[in-house]
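Okay, so here's the structure we're looking at.
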Amino acid sequence: PEWTVEAHEYFDLLVAGGPSWTSLVQLWQVFESHMGYLGLKDEQNRLSPIERPEEIGAWMKDGRSYEKLPLVDPVDFALRWQAWWCSLQPPCRRSGTVSTWPLVRTEPTDPADWDLVWRAGPCGLFLIVMGLGWW
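With the working numbering, the residue at position 36 of the sequence shown is 36, and numbering never jumps.
Here it is as structure tokens:
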């Protein structure tokens, strides 16, 4: 779909991320392909907006233009992005009631525990990758 082509073109510009960034973008593409390249209308695949940095919501509301990206304070944005990412994680990856960084690398025993983050399409995991690009 066009949205993935545009996203990939933008992600390719972010060469400062090096091989790790390139690998992440490739894995994101594999994930989207596996999930069937969902569209905007698939509401079941939207990530929770709770704790999502407001810059991401504003970018979405303003038409998702790669020409009009929000200006972010990297330190402040990183903290808010991390809080959002942590809020989407299975409980076994969080330490008590407070999510610490980095996350615990424990894999849940029940695959359904990934439900909050296992979201494809332009309102899914793509937004996580997009936020990383801004960070």
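Virtual Cβ for every residue (Gly too), placed ideally from N, Cα, C.
- Message: Tell me which residues share the same chain as residue 88 and place their Cβ nearer than 6 Å to its Cβ, disregarding the 5 neighbours each side in the sequence.
- Response: On the sequence shown, residue 88 is found 88 positions in, with the first residue counted as 1. Excluding positions up to five away in sequence, the list reads 116 and 117.
- Task: Could you check the C-alpha separation between residue 34 and residue 93 for me, to the nearest Å?
- Result: Numbered from its first residue, the sequence shown carries residue 34 at position 34. Numbered from its first residue, the sequence shown carries residue 93 at position 93. Spanning the two alpha carbons is a distance of roughly 24 Å.
- By a C-beta neighbour count over all protein chains shown, 10 Å radius and 16 as the cutoff for buried, is residue 58 buried or exposed? Position 58 of the sequence shown, counting from 1, holds the residue named residue 58. Answer is exposed; the Cβ neighbour count stays below 16.
- Coarse secondary structure for residue 65, derived from DSSP in three states: In the sequence shown, the residue the question calls residue 65 occupies position 65. Three-state DSSP puts residue 65 in coil, outside helix and strand.
- Ordered along the chain, which non-local residues of its own chain (more than five positions away) have a Cβ less than 6 Å from that of residue 66? Against the sequence shown, residue 66 aligns to sequence position 66. Within the same chain, residue 66 has close Cβ partners 10.
- Report yes if the C-beta distance between residue 14 and residue 21 is below 8 Å; otherwise report no. Start at 1 with the first residue of the sequence shown, and residue 14 comes out as number 14. Start at 1 with the first residue of the sequence shown, and residue 21 comes out as number 21. For residue 14 and residue 21, yes; Cβs fall inside 8 Å.
- Any idea if residue 18 is buried or exposed, counting beta-carbon neighbours within 10 angstroms, 16 or more meaning buried? As a position in the sequence shown, residue 18 is number 18, starting the count at 1. Exposed: under 16 other Cβ atoms inside 10 Å.
- Task: Go ahead and label residue 112 buried or exposed: buried means 16 or more other beta carbons lie within 10 angstroms of its beta carbon, across all protein chains shown.
- Result: In the sequence shown, counting from the first residue as 1, residue 112 sits at position 112. Its Cβ having fewer than 16 others within 10 Å, residue 112 is exposed.
- Message: Can you find the residues in the same chain that come closer than 6 Å, C-beta to C-beta, to residue 28, ignoring five residues on each side of it along the sequence?
- Response: Taking the sequence shown and counting its residues from 1, one reaches residue 28 at position 28. Taken in chain order, the residues that qualify are 129.
- Supposed close pair residue 114, residue 81 - CB separation, criterion 8 Å: Numbered from its first residue, the sequence shown carries residue 114 at position 114. Numbered from its first residue, the sequence shown carries residue 81 at position 81. Not really, about 19 Å apart at Cβ, beyond 8 Å.
- Keeping to the same chain, check which residues put their C-beta closer than 7 Å to that of residue 131; ignore five residues upstream and five downstream. As a working note, residue 131 is residue 131 in the sequence shown. 53, 56 and 81, listed in sequence order.
- Query: In terms of residue numbering, what span does the alpha helix (DSSP H) encompassing residue 128 cover?
  - Reply: Position 128 of the sequence shown holds residue 128. Element bounds for residue 128: 125-134.
- Message: Tell me whether residue 23, by its Cβ, gets closer than 7 Å to a heavy atom of the ligand MN.
- Response: No copy of the ligand MN occurs in the structure displayed, which carries no ligand at all.
- Provide the residue span of the alpha helix (DSSP H) that contains residue 106, from first to last. One-based indexing of the sequence shown puts residue 106 at position 106. Per DSSP, residue 106 belongs to no alpha helix (DSSP H) and is neither H nor E.
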